[in-house]
Amino acid sequence: MKAIQMREPGTPDVLALVELARPEIQSATEVLVRLEAAGVNPVDTKIRSRGTLIPDTLTAVLGCDGAGVIEAVGADVTRFQPGDAVWFCHGGLGGPHGNDAEYIVVDETIAQPKPAALEFAEAAAAPLVLITAWEALFDRAGLREGQRVLIHGGAGGVGHVAIQLARLAGARVATTISSAEKASFVHELGAEYAINYREESLRDVLADWTQGEGVDVALDTVGPAVFRETIPLMAVYGDLVSILDPGPELDLKEIRNRNLRISLELMLTPQLKGLSAALAHQGEILRRCGEYIDAGELRIHVAERFPLAQAAAAHRRLEAGGTLGKLVLTMN
Numbered sequence: 095m096k097a098i099q100m101r102e103p104g105t106p107d108v109l110a111l112v113e114l115a116r117p118e119i120q121s122a123t124e125v126l127v128r129l130e131a132a133g134v135n136p137v138d139t140k141i142r143s144r145g146t147l148i149p150d151t152l153t154a155v156l157g158c159d160g161a162g163v164i165e166a167v168g169a170d171v172t173r174f175q176p177g178d179a180v181w182f183c184h185g186g187l188g189g190p191h192g193n194d195a196e197y198i199v200v201d202e203t204i205a206q207p208k209p210a211a212l213e214f215a216e217a218a219a220a221p222l223v224l225i226t227a228w229e230a231l232f233d234r235a236g237l238r239e240g241q242r243v244l245i246h247g248g249a250g251g252v253g254h255v256a257i258q259l260a261r262l263a264g265a266r267v268a269t270t271i272s273s274a275e276k277a278s279f280v281h282e283l284g285a286e287y288a289i290n291y292r293e294e295s296l297r298d299v300l301a302d303w304t305q306g307e308g309v310d311v312a313l314d315t316v317g318p319a320v321f322r323e324t325i326p327l328m329a330v331y332g333d334l335v336s337i338l339d340p341g342p343e344l345d346l347k348e349i350r351n352r353n354l355r356i357s358l359e360l361m362l363t364p365q366l367k368g369l370s371a372a373l374a375h376q377g378e379i380l381r382r383c384g385e386y387i388d389a390g391e392l393r394i395h396v397a398e399r400f401p402l403a404q405a406a407a408a409h410r411r412l413e414a415g416g417t418l419g420k421l422v423l424t425m426n
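Taking the numbering used here, the leading residue of the sequence shown gets 95, the next gets one more, and so forth.
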């Protein structure tokens, strides 16, 4: 099969199109998936530049997100049969098992039926960001109806689905953006305020929106500086969640004075730690999101599609920044 292989950490130039043996079913509960598309996520570029997350592996087929058609099933598989279309987040952290390839083997508990409303490219773009946003907003922050939510980077991969999930929960959403195009995009998704951080005072806008009380929930998708800047924007007893390392320089006094609950979200932990119950929970998140998608209440925005052979170009585009939604590799 054709696959994109990283032989050592480095620039996008370390990604090479190679021929690898097609993976085979090893367990009675596994399924072989012929991949139609794979999502491209920031974690892919980080692994490519820094090294794999799986110990004692140097080479890797990257790609955590996949969507395709089941070609074969193990003897004990009960949920699927050949010909079923599926989507999932699994693999891509080190070694040969990633979605930047024509085939992958996953356990049947990992896969979910692909939403009928999504093309394969859209489905492949979705799992990691949907699970990340869901876990951050609901599992970490306990988001409730009527709360005011600040989502940083609302036009990005995680941000654009987080806006929609928050609105579906009955929350009110403000988000940061950097252009008029992105402002229009996030308003379409349901954001009440689109705050251009290059031109407006985030503090002033939020003070007006919340009558000076601060936001109940904030989701940081950007990094340490934004995380620190968000602390004084929070309401007392608020929930501040980051999907990135917030760094060591935190104002713990202000966090304590506001009685903030600080949470960190890494949706890859269940895969890295082999946590079967948590992986099953993530599958349930995908199932519920699939229902929203098929009901027309949740959408996935794919900004650009690249052929598998152009994986390096997709990495360069993602690292350049400014993308609306997601990037995808397509196999055909």
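Just so it is clear, CB atoms sit at the ideal spot from N, CA and C, and this is done for glycine as well. The structure presented is a predicted model; accordingly, all values stated were derived computationally and were not measured.
Contact between A131 and A215 holds: CB atoms are separated by about 4 Å, below the 8 Å threshold. In the DSSP assignment, no residue is bridged to T139.
Across the structure, L126 and Q120 are spaced so that their CA atoms are roughly 10 Å apart. 9 Å or more divides the Cβ of A227 from the Cβ of R242. Note on A285: 16 or more other CB atoms within 10 angstroms of its CB, so buried under the neighbour-count rule. Within the stretch 337-425, complete alpha helix (DSSP H) segments of at least 4 residues are found at 346-351, 363-367, 370-388 and 405-414, given in chain order.
In the three-state scheme derived from DSSP, where H, G and I count as helix and E and B as strand, P207 is classed as strand. Take L392, set aside five residues on each side of it, and the residues of its chain with a beta-carbon closer than 8 Å to its own are V255, Q258, L259, L262, C383 and Y386, in chain order. Under the Cβ criterion (8 Å, minimum of three pairs), the stretch 175-190 counts as touching the stretch 138-151. Here DSSP, grouped into helix, strand and coil, assigns E216 to helix.
Secondary structure of I225 (DSSP, three-state): helix.
The secondary-structure analysis by DSSP pairs N193 with nothing; it has no beta-bridge partner.
The Cβ atoms of E124 and V180 do not sit closer than 9 Å to each other. For I164 and V200, the gap between their C-alpha atoms comes out near 10 Å. For the pair A235 and V316, the CB atoms are not nearer than the 9 Å cut-off.
If you draw a straight line from the Cα of H375 to the Cα of G390, it is about 23 Å long.
DSSP places R173 in the coil class of the three-state scheme, outside both helix and strand. In the displayed model, T324 falls within a helix according to three-state DSSP.
Where V167 is concerned, the enclosing beta strand (DSSP E) starts and stops at D159 to V167. Counting the other Cβ atoms within 10 Å of the Cβ of K276 gives 16 or more, which makes it buried. In the DSSP assignment, R266 falls within the unbroken beta strand (DSSP E) covering R266 to I271. The C-alpha of V311 lies about 6 Å from the C-alpha of L244. Residues V223 and K420 of the same chain have their beta carbon placed closer than 6 Å to that of G251, with the five preceding and five following residues left out of the count. Under the DSSP assignment, R242 falls outside any alpha helix (DSSP H), being part of the beta strand (DSSP E) whose first and last residues are R242 to I245. In this model, N351 and A115 are separated by some 57 Å (Cα to Cα). The criterion of a C-beta distance shorter than 9 Å is not satisfied by R142 and G177.
When the beta-carbon positions are compared, G133 and G160 come within less than 9 Å of each other. At a Cβ-Cβ threshold of 9 Å, M361 and I198 do not count as neighbours. If you look at L126, you'll find it isn't in any alpha helix (DSSP H); it sits in the beta strand (DSSP E) that goes E124 to V134. Between E202 and R173, the alpha-carbon positions lie close to 7 Å from each other.
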